[in-house]
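Heads up, the thing below is written out as structure tokens.
There are 2 protein chains.
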Amino acid sequence: MSATDTPQVHPAWLPDAAFAPLGSRRVLVAVGPGAGPVGATVVDEVRRATAAHGGSVTVLAPGEALPDAASVRSHDLVLVVASRAAERDSGAARQVPPPGRAPQPPHPNDALVAVATDGALVAADGAPGLSPDMFVRVRAGGTTVVVAGAATGLLYGLHDVVRLGEDAFGDDAPPVRDLPVAPVRMLDHWDNIDVHPVMGQVERGYAGGSIFYADGRVREDLSRVADYARLLGSIGINAVAINNVNVHRTEARLLTDGLADVARVADLFRPHGVRTYLSVSFASPVVLGGLPTSDPADPDVQAWWAAAADRVYATIPDFGGFVVKADSEGQPGPFAYGRDHADGANLLARALRPHGGTVFWRAFVYNHEQDWRDRRTDRARAAYDHFAPLDGRFDDNVVLQVKYGPIDFQTREPISPVLAAMPRTRLAVELQVTQEYTGHQKHVCYLGPLWSQVLTFPLAEDATRDVAALVSGLPGRRDTPSGELPAGGVTAVSNVGDDEFWTGHPLAQANLYAYGRLAWDPEADPVALLDEWIGLTFPGADPRVRDTLHTLMDGSWLTYEAYTAPLGVGFMVDPGRMHYGPNVDGYEYSKWGTYHFADRDGIGVDRTVATGTGYAGQYPSPWRETYEDLATCPDELLLFFHHVPYSHVLHSGTTVIQHVYDSRADAVDVVESWVPAWDALRGLVDDRLHARVAERLTEQVRSATEWRDQVRSYFFRKSGVPDASGRPIY
Amino acid sequence: MSATDTPQVHPAWLPDAAFAPLGSRRVLVAVGPGAGPVGATVVDEVRRATAAHGGSVTVLAPGEALPDAASVRSHDLVLVVASRAAERDSGAARQVPPPGRAPQPPHPNDALVAVATDGALVAADGAPGLSPDMFVRVRAGGTTVVVAGAATGLLYGLHDVVRLGEDAFGDDAPPVRDLPVAPVRMLDHWDNIDVHPVMGQVERGYAGGSIFYADGRVREDLSRVADYARLLGSIGINAVAINNVNVHRTEARLLTDGLADVARVADLFRPHGVRTYLSVSFASPVVLGGLPTSDPADPDVQAWWAAAADRVYATIPDFGGFVVKADSEGQPGPFAYGRDHADGANLLARALRPHGGTVFWRAFVYNHEQDWRDRRTDRARAAYDHFAPLDGRFDDNVVLQVKYGPIDFQTREPISPVLAAMPRTRLAVELQVTQEYTGHQKHVCYLGPLWSQVLTFPLAEDATRDVAALVSGLPGRRDTPSGELPAGGVTAVSNVGDDEFWTGHPLAQANLYAYGRLAWDPEADPVALLDEWIGLTFPGADPRVRDTLHTLMDGSWLTYEAYTAPLGVGFMVDPGRMHYGPNVDGYEYSKWGTYHFADRDGIGVDRTVATGTGYAGQYPSPWRETYEDLATCPDELLLFFHHVPYSHVLHSGTTVIQHVYDSRADAVDVVESWVPAWDALRGLVDDRLHARVAERLTEQVRSATEWRDQVRSYFFRKSGVPDASGRPIY
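Residue numbers (full-length UniProt numbering), protein chains in the order written: chain A, 1 to 730; chain B, 1 to 730.
Written out as structure tokens, the structure is:
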């Protein structure tokens, strides 16, 4: 724990010590036939843990005769894949459950379950309902048994036991079923192969270089990818797109010349239940294929994509599919040929269909050459206007990937109405783990509470169906999957790089962790997830560590919001510093469509139906009425929907201008209080980690102070209203 | 003149056709002994011109017997170096006249002058007063005679004849003496060897790459430098610093490892009377020499610089000296050692002294980490506060290089009071030919009128001594040199790159031309200089070309000012686009010390003694009183010196806010009118040049419109005052 230690890659939430409770036990593992590389990972994890912590492991080979009951029950932990699932498991995560099969004869694994639980659980009863990612955990007669639907479910069940720690081995407990709500739990990497002159190696990356690429090619040494895959598997992520959605020339060739390298990456993700995807250029037939067009209606274009997909699957049989940013911020797309986005997406989907692949088609399409003088055009409307009319037109292996808000990953936005407008389309909600607009991983900003709000927001069917239900194909908020509605899932931009701590700011690891856990269970309490993360990442630490981390992190998103742009108006970030730091007018006279319209009298964007852009009308009831009416619009979104005078009184009882003044000053007081709180942990956590966080906190105080003073001064100069609190203003 | 011609380097103001009047004549040249490479250039120019245009040339070798009088007088043009001057000339321009000599016996060249002018001029009479750069032109008996003080003067006289064209060969005319006011007429290149990640190959360069460097080294092919040297010699430039004042690691090594390459460059400048300078890092003893310090008081440091200078002069005997940016924007300097800038400058001066070299030490020193909240600190005060107390402390081979305004090359600034505050210091005023703040050579912005105003501004001695006099060591505005006061000169940042037209915007060539001509004669009429440039650059063109160029260019600086930041307040440029385009608050909350303090009531910086930063008090009378008093402060500098309400009525009779509205709208109308005016010249000028200008005019209209609309909207939103003209506002 000396600061002069050679830097090593930080283990994040999987330090060896986190495996001590499991690793000191006697463990029996039976992955069954066909469990493949994921089953092998489960065995390896148990072997590694028991070797380190004094436990033991028995691995029951497929078809091997069961030991006698006493022998089975002498184990503290039994990990077993239920028979039917085990037989069908291919080793890689599946997004679409395979078709049902005829009943099969009993299998030794089912018998093992019955013996291990002393009859408390009979796998044969539960197995038909066990989807591949699902597991059941029970504690009976002093033995903890995890029965999974497939090897992936067993991996997730194993990590459930790791997370529980000693609690997994306490009193007997009835069966608990666990399964992910969303079939797709994905991370997108905006990593470039060639360093982009403005964006760098990783677009919107704040954690060093790429773990995939360096020196203009896929890395020879992909050991960081292997470690990353293990981290992702432990939190249930099952899909990763490995290159930037802005597909430049070199990256486009991953689809062709680079396939051998992509296969090397896929080989590392596969043992952790993660399928590999590529972002592809819609112009590939022209750029890579030398065709004169990329028109979806052109048979040569269709043939080119089909052949390209054939080559990919010949190399990577469990390849996930494509991610596509089309007709967006300069990327090519179907509009160039007079085709719509269903035409475009289906073109790729039909090439992937024979192989079981999926297209993730982004709904982030808007006019990025807007005239700031034109107040009728509203970027917030764009995704709905483009996509809602296409509902029902997308093939069933297309997932429409929709940013959670209508603008672009702001600290606070209303939920995208597109998510409620396309019941016949598979949808994924897109989050941003990388902190583009939330402090560049220089600021503590725990985003679990934001994502929790997004996923549980009751957007549809008179506020009875939340976002998680909408993207997971659930008929209602708390239902189990019915499989009848189109299901997509959750995706997000990763925050990982080749940084020693993975994420630049060590505490930003918690965002990656919480993302995976919320994608699995959107109703999880984000503060409880943070607690989980603390327990894993700092095992055995002094209780002050846990307390202080909660102090810093629990409310950090709201604190960040409080010192940056007020009341949902968004942006006010510095274009010249890649969206870092304050610049109130930074986007006010630009082409990007993100304005606040502040003048000497008031501020905000009128998006009402009555007098504004009509965006509020894109929502179903009751939200259209809630947002339309100044009396019901929530304070935190007031300026997103309304242009109001500075003297407007919020529901909170204060005026808009005084809220601007107070929140910013109060928030900086909070951030300042974190510095001594963190300093007090010196010696209680790893020195290098402590120093890194301390360094970033210093910058956060500086930056938050700059936000406070610029925003307060800007609005004082504009409004002329003095700050009633009398705090300094410039 | 077809647009499909292979691009060639544009000849700028030296096309072959410009030499036709001279080239068709019978010319006699007598450069005399010791005229060296500059004398050879004169001969070469005449040979080239006469070969192209049917004339003839007779070269009288040093010591060769005079032809008979009739033979001499059969020539149309006689170019001759006066005897004494010719004997002492070393070939390279000298900045300090050599000490006087004892009278010499008559020389054949003196007799030649008498014969050629039929006795109208006797060189022996004039020669003692002929400084090396001086020439006398006379037309007598049908022969034009140019007598120069040295080969450099003869080169300048030759180009005087070229500029005059046929007028040089008209009626007999009495002798006209011409000489540069300033001994130093310099250009600084902010060229980098390594491409800087932000600034590129040429910092603040808008004309492609560097003519000196490419691919991380000095170019093998320096033919563009040779052409450039010829252009500079033709307008009297006699000094060039070839690398960026921000000296990075690779560039620092020019002083040591790179000397052979610097010598290759110097060899190309030498024949045109131009001495070569290097920008050097004050930290060189540490960075290059491996010493532990760069402290000026350290004997090892002194010895290091002396040895470095010895090596430079062993390689380049006529090397000019060093340019230094110290303690400025992150560059190292003497402050680190508790020394002042006289200590720093004299350190280098003493190393150069044995070799006749000069240090150009920049006065651009200020706090670039200013807190925008602090209104007491004033960047405008910085140069005076730092340097005025040091007057008299600088060695006489130090020239203090002072930007013309107290901030940074803005479109409009008051003249730097430093220029009046240091009578015992050699001063150079620094201008900026490259259009950093004046439109990046995308906008037509003829800067001759600005520089004319600067150089003839009667700053000192109760408004009797102008800037040109102050930097040239003249006791009064129109006096001839006395040699008694410290003399520096004029320097500027070049606007040249490897662009086909040298300057990106072809019409920006006029700025380089006018700079050289004004450095020679600050009282020249900038519109007349533009006319001169047009005549040379477009010889024989349709008269509409001349008329249109005057329409576009004569007032273009004032037009640019009128659509950008108002009334001398400065900046409002976009930091994210390298100072191009509008961003009213772009520097308002930054560390750079360049603010406008606009609020809902008013705008401007209070720099008065009475209530402001006191900057106005740095001026001598009458300027301190003029600027201090709102009643006398000129409109165009109002907001530089005063914070006023928007309703303040200007001397022009309009309010500040209405001026903001009107000027910007009117100026865009002017720019728009240029497009059809230029289009009408299609076919009358070179097609490629026409197309380039047309393309840039389109961008100028777009950009000027953006300036107009952003500035008008910003101030309307802030002030709430409607535009009385009713023109659109947003």
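Cβ atoms here follow ideal geometry from the backbone N, Cα and C, with glycine treated the same way. Note that the structure is a prediction, hence the values are computed from the model and not measured.
Straight-line gap, residue i to residue j (C-alpha atoms, nearest Å)
i	j	result
V113(B)	A150(B)	14 Å
R264(B)	H368(A)	50 Å
A307(B)	W520(B)	35 Å
N397(B)	V31(B)	30 Å
I407(A)	D662(B)	36 Å
L684(B)	P506(B)	15 Å
F269(A)	V668(B)	59 Å
L179(B)	V57(B)	26 Å
Q8(B)	G34(B)	36 Å
F597(A)	Y619(B)	42 Å
A487(B)	E166(B)	36 Å
T456(B)	W707(B)	30 Å
V245(A)	P582(A)	27 Å
R381(A)	F387(A)	10 Å
DSSP-derived helix/strand/coil call for residue i
i	result
residue 749(A)	Absent from the structure is residue 749(A), since the part of chain A shown begins at 1 and ends at 730.
V286(B)	helix
L431(B)	strand
H53(B)	helix
N246(B)	coil
R607(A)	coil
W707(B)	helix
residue 746(A)	This structure does not reach residue 746(A), given that chain A is present from 1 up to 730, and the question cannot be answered.
Enclosing beta strand (DSSP E) for residue i [first to last residue]
i	result
A135(A)	Going by the sequence as given, residue 135(A) is Phe instead of Ala. Here the beta strand (DSSP E) through F135(A) covers F135 to A140.
M553(A)	Element bounds for M553(A): not the beta strand (DSSP E) but the alpha helix (DSSP H), P543 to M553.
G489(B)	G489 to V493
S294(B)	Where S294(B) is concerned, there is no enclosing beta strand (DSSP E), given that its DSSP letter is neither H nor E.
Closer than 8 Å to chain B by CB, residue i
i	result
Q658(A)	no
D585(A)	yes
R717(A)	yes
Y563(A)	no
Any C-beta of chain A under 8 Å from that of residue i
i	result
Q710(B)	yes
R465(B)	no
Y730(B)	yes
Y589(B)	yes
Chain-ordered chain B contacts of residue i [CB-CB under 8 Å]
i	result
residue 734(A)	The shown model of chain A, from 1 to 730, leaves out residue 734(A), and the question about it has no answer.
P575(A)	G576
Y619(A)	Those within 8 Å of Y619(A) in chain B number zero; the least Cβ separation is about 28 Å.
N- and C-terminal bounds of the alpha helix (DSSP H) containing residue i
i	result
S452(A)	G448 to L455
V418(A)	V418 to A421
A469(B)	V467 to S472
N583(A)	Counting along the chain, N583(A) falls outside any alpha helix (DSSP H), and DSSP gives it neither H nor E.
G617(B)	Note, G617(B): premise wrong, no alpha helix (DSSP H); not H, not E.
V312(B)	P299 to T315
Proximal chain A residues relative to residue i, where beta-carbon distance stays under 8 Å
i	result
Y206(B)	Residues of chain A passing the Cβ test: none, with the nearest at roughly 18 Å.
R727(B)	In chain order: nothing, as chain A lies at least about 13 Å away.
Partners in chain A for residue i, counting only beta-carbon separations shorter than 9 Å
i	result
Y437(B)	Those do not exist, as Y437(B) stays about 17 Å from chain A at its closest Cβ, beyond 9 Å.
Contact list for residue i against chain B, beta-carbon separation under 7 Å
i	result
R373(A)	D709 and Y730
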